[in-house]
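Asks:
Residue numbers (the UniProt record's numbering): 1 to 132.
1. For residue 78, name the three-state secondary structure that DSSP assigns.
2. Looking only at C-alpha atoms, which of 43, 15 and 67 sits nearest to residue 54?
3. Could you tell me whether the Cβ atoms of residue 95 and residue 118 are closer together than 7 Å?
4. For residue 1, name the three-state secondary structure that DSSP assigns.
5. Sort out for me which residues DSSP pairs residue 58 with in a bridge.
6. Buried or exposed: residue 89, going by 16 or more other Cβ atoms within 10 Å of its Cβ?
7. Using only CA atoms, which one of 60, 23 and 67 lies nearest to residue 33?
In structure tokens, the structure reads:
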């Protein structure tokens, strides 16, 4: 069932992200759990929360169930770092962008823009070495 428009956030219930052909629902936080199997208890918790907050979705068809991991940190890591390969001695630039946890869907666009700016800056700093 499509639920188009804004993506509502209601504290205490799973997220709901509407699209033109389907609606993505989900979200359960379980620290220290790394099992990728779907758990029917989690499905029920998510579904009950969404159906309570959005009665229009109560009888929607479930197309697919997935389980994913959302590693997180106290603070996301979004920074540029210079690393040196210990074997070759070659220096490379690394841009770290991880640790968003369940907020990834919310922060992804802003973080992607920051990464793009970092890459642009790297390209502007890079000097071309001529071999004439």
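Backbone N, C-alpha and C fix where the C-beta goes; we use that ideal spot for every residue, glycine too.
Being a predicted model, the structure only gives us computed values, none of them experimental.
Replies: Taking the coordinates as given:
1. As a first step, residue 78 must be located in the chain shown, where it is residue number 78. It is a strand residue.
2. Here residue 54 is taken as the residue at index 54 of the chain shown, counted from 1. It is 15 whose Cα lies nearest to the Cα of residue 54.
3. For the purposes of this step, residue 95 is identified with residue 95 of the chain shown, where counting begins at 1. For the purposes of this step, residue 118 is identified with residue 118 of the chain shown, where counting begins at 1. Against a cut-off of 7 Å, the Cβ pair of residue 118 and residue 95 comes out as a contact.
4. Residue 1 sits at position 1 when you count from the first residue of the chain shown. At residue 1, the pLDDT of 44 sits below 50, so the modelled position is not reliable; the number obtained from the coordinates is stated separately. Coil at residue 1, not helix or strand.
5. Indexing the chain shown from 1 puts residue 58 at position 58. In DSSP, residue 58 forms no bridge with anything.
6. Residue numbering aside, residue 89 sits at position 89 when the chain shown is read from its first letter. Exposed, by the Cβ-count rule.
7. For the purposes of this step, residue 33 is taken as residue 33 along the chain shown, with counting starting at 1. Nearest C-alpha to residue 33: 67.
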